[in-house]
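The next block holds one structure in the form of structure tokens; read it before the comments.
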Amino acid sequence: MIIGIDEIVSVDSSQLGPSLRAKYTHLQEIFREIGRVVIAYSGGVDSSLTAKIALDTLRAENTLAVIAISASLGLEEERQALAVLNELGIPYLKVETHEVEDPRYAANPANRCYFCKEHVYDALGDVARAQGFDVVVDGFNVDDTGDHRPGRKAGRERGVRSPLHEADLNKSEIRSLARYLGLSNWAKPAMACLSSRVEYGTAITPEILRQIDTAEQSLRALGFADLRVRHHDKLARIEIDEDLLPEALAQRESIVQAVKTAGYIFVTLDLQGLRHGSMNEGLVNGGQ
191 MIIGIDEIVS VDSSQLGPSL RAKYTHLQEI FREIGRVVIA YSGGVDSSLT AKIALDTLRA
251 ENTLAVIAIS ASLGLEEERQ ALAVLNELGI PYLKVETHEV EDPRYAANPA NRCYFCKEHV
311 YDALGDVARA QGFDVVVDGF NVDDTGDHRP GRKAGRERGV RSPLHEADLN KSEIRSLARY
371 LGLSNWAKPA MACLSSRVEY GTAITPEILR QIDTAEQSLR ALGFADLRVR HHDKLARIEI
431 DEDLLPEALA QRESIVQAVK TAGYIFVTLD LQGLRHGSMN EGLVNGGQ
């Protein structure tokens, strides 16, 4: 189904720079060519922008955001994601996925994300077919190509398209466009599933994921918005922004108490600071 250009929600893009304005126009053209879409929605800036532009371009009857609910999604992350969907006014569904029950996923190999995305994209594909949508799209973008993302392979195998990548948008441009279009979460820190906090080879269980989620929420309550609690059995290795290390040391007792209340015995602060994807640092040849 091709959507006519006269049906696009009119947005004045004159305030954008020439390059970003051209990419924005190209992105709209991509959605018109795709037709009716199911958006793989996570609550992050990338998938939120994808949902926003799909809605503006194709209208509500031709868009459906689907969020996968599982043990690997933090409770507060779910709440915030649903709040953004309600702000956008886009039709959406929640689907339960059970990747944690898959032995291949639970064993936590370096390509764990591939098995997760198998479950997620299969579920979204079922929704698309059942409700007459043409294509599933995700928020993969240019900057993601340099990261360890085995889940991307599962998407390609299932025909999932990535409009942000097709329009050559990087993360900085995505945030700029999201801010321009009024998305409330345009500055939201990058977030990955809770399983990304667990050292490869350590079996993933719902109990471990709840423990990580509890510890991170307690630390956010202390004022650390962007952080990771890396799970090493009885030890929690905390990563926060390097500039906030002095503040963390000043709140040492509160941090230790919060993390131990979550069930950890040992608590350490990583002096290298926050590194998104730091559990991939020891992988050889991309974890293959």
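Heads up, the sequence shown is in our numbering, so the first residue is 191 and it goes up one at a time.
Note that the Cβ used here is the ideal one computed from N, Cα and C, for glycine as well.
These numbers come from a predicted model, not from an experiment.
Closest Cα partner of residue i within the set the options
i: residue 399; options: 380, 421, 469, 411; result: 421
i: residue 394; options: 262, 286, 233; result: 262
i: residue 335; options: 323, 358, 315, 348; result: 358
i: residue 311; options: 300, 320, 348; result: 348
i: residue 207; options: 363, 436, 419; result: 363
i: residue 446; options: 412, 471, 433; result: 412
i: residue 271; options: 305, 314, 381, 319; result: 381
Backbone secondary structure at residue i - three-state DSSP
i: residue 387; result: helix
i: residue 414; result: coil
i: residue 371; result: coil
i: residue 454; result: coil
i: residue 332; result: helix
i: residue 477; result: Below a pLDDT of 50, predicted positions are generally treated as unreliable, and residue 477, at 45, falls in that range; the measurement from the model is reported next regardless. The answer is helix: DSSP assigns residue 477 an H, G or I state.
i: residue 466; result: coil
i: residue 434; result: helix
i: residue 393; result: coil
i: residue 193; result: Low confidence applies to residue 193: its pLDDT is 37, below 50, so where it sits in the model is not reliable, and the reading given next is rough at best. It is coil, neither helix nor strand.
i: residue 294; result: helix
i: residue 278; result: helix
i: residue 339; result: coil
i: residue 351; result: strand
i: residue 399; result: helix
Short CB-CB distance (under 8 Å) between residue i and chain D
i: residue 267; result: Considering every chain present, this structure includes no chain D. It has just one protein chain.
Limits of the beta strand (DSSP E) - the one that residue i falls within
i: residue 427; result: 425 to 430
i: residue 229; result: 227 to 231
i: residue 254; result: 253 to 259
Distance CB(residue i)-CB(residue j) smaller than 8 Å
i: residue 188; j: residue 427; result: Since the first residue shown for the chain is 191 and the last is 478, residue 188 is missing from the structure and cannot be characterised.
i: residue 331; j: residue 360; result: yes
i: residue 350; j: residue 317; result: no
i: residue 308; j: residue 344; result: yes
i: residue 264; j: residue 406; result: yes
i: residue 283; j: residue 256; result: yes
i: residue 269; j: residue 252; result: no
i: residue 326; j: residue 228; result: yes
i: residue 329; j: residue 236; result: yes
Residue range of the alpha helix (DSSP H) that includes residue i
i: residue 286; result: Not the alpha helix (DSSP H): residue 286 falls in the beta strand (DSSP E), residues 282 to 286.
i: residue 215; result: 208 to 224
i: residue 240; result: 235 to 248
i: residue 357; result: From DSSP, residue 357 is part of no alpha helix (DSSP H); its letter is neither H nor E.
i: residue 307; result: 302 to 321
Residue environment, residue i, which counts as buried when at least 16 other CB atoms sit within 10 Å
i: residue 192; result: Bear in mind that a pLDDT of 32 at residue 192, under 50, signals an unreliable position, so the number given afterwards is only what the model happens to contain. So residue 192 counts as exposed.
i: residue 244; result: buried
i: residue 302; result: buried
i: residue 469; result: buried
i: residue 401; result: buried
i: residue 456; result: exposed
i: residue 276; result: exposed
i: residue 233; result: buried
i: residue 355; result: buried
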